[in-house]
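Visitor: For the record, in the sequence shown the residue sitting at position 46 is 114 according to our numbering, with numbers rising by one throughout.
For each residue, glycine too, the CB sits at the ideal point set by N, CA and C.
Sharing a structure, written as structure tokens. Questions coming.
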Amino acid sequence: MLGLWVAVLGPVSLYAQSASSAEPSLAVPSSQAGLVGGAGTSLAMPTPVAAPAPTAAPAPATALPFPTSPSGLGGTVVFGSQMFVGRFANMPFTGFNPDYQIAVGDRVLLRIWGAVTYEAYQNVDPQGNIFIPNVGPVSVLGVQNKDLNKQVEAQVRRTFRANVGVYASLDSAQPVRIYVTGFVRAPGLYGGVSSDSVLNFIDKAGGIDPDRGSYLSVKVLRGGKPRANINLYRFLLDGELDRLQFQDGDTVVVLPRQHTVTVMGEAQNAYVFELDRPEVSGSDIFYMARPKPTATHVSVVRNTGVQLTSEYHRLADAKPVMVRSGDLVTFTADKYTTTLLVRVDGDQQGDRSLVMPVGATLKDLMARLNPSPRANLDGVQLFRKSVQQRQKASLEVALRNLETAALTARSSTTEEANLRKSEADLMLNFTARARSIQPLGQVVLTDREEADKLLLEDGDVLNIPTRNHLVLLSGEVLFPNAQVYSPGASVDDYVQLAGGYTQSADTSKQIVLRSNGSVAPSGSNPEPGDEILILPKIESKNIEVTRSVTQILYQIAISAKVALGL
């Protein structure tokens, strides 16, 4: 099979080799063939003829495993430090750059078809030429990528005036090695191609040191002389990045940072910003920090010598204010709320969203409702975000105490240590599941006379349940279900109708939740709309673990109406 392949393609390949000193003919472009290309003539392309291995670029130096979220200045994140986490280093530029200038060492794909057939990859020689059989050397050094095909075609037309199609495109840019130094994490020599951006090489060096390096002053030196001065904030804020064409031996130098301002609060970019001078105007800070629409005021805390002084300005008046290096700028939403938005769910026939004045009570809200005749106004439920957050925080404290108790339990024997390890694994799995449960944030409304005096909060949700004669049963029962209310029936009666208790049920831990969020006294019979929760048994020799798990189960059952199993 190999001999047949050579026999078929051999003549064309041998012609290409004998006609010039170019590499063997190649049909399929290398992996970087899409890097740059030119516009060819309107003739059809020939069938590919051969495929030698492409010239390999030098392997880049291995980047160190640096942190993915560098920070500086006491933990405040520096603007720009989020760029260099390995993405640029792992993604070299392989797009079409029309302004790229052909350099020595670049590889050009050349195809000629028609009266004369020729196809090969040509490396630009030290004199800036590529050699075309029967045409001779063609100068391409310094030619822009967008003009490469025109340049080559014009030279070929001097020899072959008709019946010949020409296509030339840059297959791969010149491999280069660039020095990266200054205030980067890992100064050194790094490989790439001449079309790579400065971001690529800085990323390979681990990125700019956020505590010391500058994002405003990155210099590129060639032969010891300045080639470019790059401001990376232009790229971060406006998407602008100077296109550079690197040469072997160029040096990228990250200069030291000089001045900084810290921005906090209601800003889209709440970071430590670098300044190019000791003092800038407020408009410059606005441009970098991008205040949120909710921001109304800005405070400036100045660190002047041994004293701290503060200024407070309306956002509209703050642009002329001068901000100095070392200042702390905080954007705030200093608004006075005069109305509240309350949502009404359930059996409500009127508006679902009601605007109430600040200071309105639950009684005021009830007066504006338009419930249906089926509504159960005695069982209204009030859900509040602030209560939900406190319930979640309280649950988190209990879970941490449980983890501490499970992981610090002592053992006197190997067998006991193994049991403790298994128990700890079980508790960690339990806490992970418990953390995924979200409390409802329900406010218990038992005493309606006092509940009517309850002040509303913005975002409150009032649910009006429909009257029903069902009792819900969940937790450690064989068949959790909803049963028709039976007057005088006890919890055990409902459990028996659900198939009885499971083997892991703790029959002493029965919780009856009223629709208004309250817990019925022990031994009370369920009422219509109530929910029965049967909790699991806790088997542990560690008293602290047992106490913590019991507390957590009750917290989850009451705050989220969930009977969580072990």
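By alpha-carbon positions, which one of Ser-590, Leu-581, Ser-583, Asp-520 ends up nearest to Thr-575?
Guide: Ser-590
Visitor: Confirm, please, whether the CB-CB distance from Ala-357 to Val-397 is below 9 angstroms.
Guide: Going by C-beta atoms, Val-397 is nearer than 9 angstroms to Ala-357.
Visitor: Would you mind sorting Ser-480 into buried or exposed? The rule is 16 or more other CB atoms within 10 Å of its CB.
Guide: exposed
Visitor: In this structure, how does DSSP classify Ile-276 when only helix, strand and coil are distinguished?
Guide: strand
Visitor: Please classify Leu-528 as buried or exposed, where buried requires at least 16 other C-beta atoms within 10 Å of its C-beta.
Guide: A quick correction: the sequence has Asp, not Leu, at residue 528. With 16 or more other Cβ atoms within 10 Å, it is buried.
Visitor: Exposed or buried, what is Asp-493 when buried is set at 16 or more other beta-carbons lying within 10 Å of its beta-carbon?
Guide: exposed
Visitor: Can you round the beta-carbon distance between Gln-219 and Val-208 to whole angstroms, since I take them to be within the 8 angstroms contact cut?
Guide: 6 angstroms
Visitor: Using DSSP's beta-bridge definition, name the partner residues of Ile-246.
Guide: Tyr-258
Visitor: In angstroms, rounded to a whole number, what distance separates the CA positions of Ile-602 and Gln-578?
Guide: 5 angstroms
Visitor: Classify Thr-407 as helix, strand or coil using the three-state DSSP reduction.
Guide: strand
Visitor: Quick one: what does DSSP say Thr-400 is sitting in, helix, strand or coil?
Guide: strand
Visitor: For Val-391 versus Val-348, is the C-beta spacing smaller than 9 angstroms?
Guide: yes
Visitor: Let me confirm a value: Thr-499 is counted as buried when at least 16 other C-beta atoms fall within 10 Å, else exposed. Which label applies?
Guide: Of the other Cβ atoms in all chains shown, 16 or more fall within 10 Å of the Cβ of Thr-499; this residue is therefore buried.
Visitor: Can at least three beta-carbon pairs, one atom from the stretch 272-287 and one from the stretch 245-259, be found at a separation below 8 angstroms?
Guide: A contact between stretches requires three or more CB pairs, one per stretch, nearer than 8 angstroms, and the stretch 272-287 meets this requirement with the stretch 245-259.
Visitor: Check whether the stretch 312-323 and the stretch 239-251 touch, using three or more Cβ-Cβ pairs below 8 angstroms as the test.
Guide: yes
Visitor: In whole angstroms, give me the CA-to-CA distance for Leu-522 and Ala-443.
Guide: If I take the Cα positions, the gap works out to 21 angstroms.
Visitor: One question on the structure: do Phe-175 and Glu-187 come within less than 9 angstroms of each other, judged by their Cβ atoms?
Guide: Just to set this straight, residue 175 is Arg in the shown sequence, not Phe. At the C-beta level, Arg-175 and Glu-187 stay beyond 9 angstroms of one another.
Visitor: For Ala-477 and Leu-470, what's the separation of their Cα atoms in angstroms?
Guide: 11 angstroms
Visitor: How big is the Cα-Cα spacing for Asp-193 and Ile-170?
Guide: C-alpha separation (whole angstroms): 11 angstroms.
Visitor: By a C-beta neighbour count over all protein chains shown, 10 Å radius and 16 as the cutoff for buried, is Phe-547 buried or exposed?
Guide: With fewer than 16 other Cβ atoms inside 10 Å of its own Cβ, Phe-547 counts as exposed.
Visitor: Taking the DSSP output, what are the residues bridged to Leu-541?
Guide: Asn-549, Ile-600
Visitor: For Ser-497, does the three-state DSSP call read helix, strand or coil?
Guide: Position check: residue 497 holds Asn in this sequence, whereas Ser was assumed. Looking at Asn-497 - three-state DSSP - the assignment turns out to be helix.
Visitor: From the DSSP output, in three-state form, read off Thr-481 for me.
Guide: coil
Visitor: Note the first and the last residue of the continuous alpha helix (DSSP H) segment covering Thr-372.
Guide: Note, Thr-372: premise wrong, no alpha helix (DSSP H); beta strand (DSSP E) at 365-372.
Visitor: Since Glu-221 is in the beta strand (DSSP E), which residue starts that stretch and which ends it?
Guide: Taken as a continuous stretch (DSSP letters only), Glu-221 belongs to no beta strand (DSSP E), being part of the alpha helix (DSSP H) at 216-225.
Visitor: By Cβ distance below 7 angstroms, which residues in the same chain neighbour Asp-277 in space, the five residues on each side in sequence not counted?
Guide: Phe-251, Val-252, Arg-253
Visitor: Considering just the uninterrupted stretch of the beta strand (DSSP E) at Ser-237, what are its terminal residues?
Guide: 232-240
Visitor: Output the distance between the C-alpha atoms of Ala-573 and Ala-566, rounded to the nearest integer angstrom.
Guide: Going from the Cα of Ala-573 to the Cα of Ala-566 covers about 13 angstroms.
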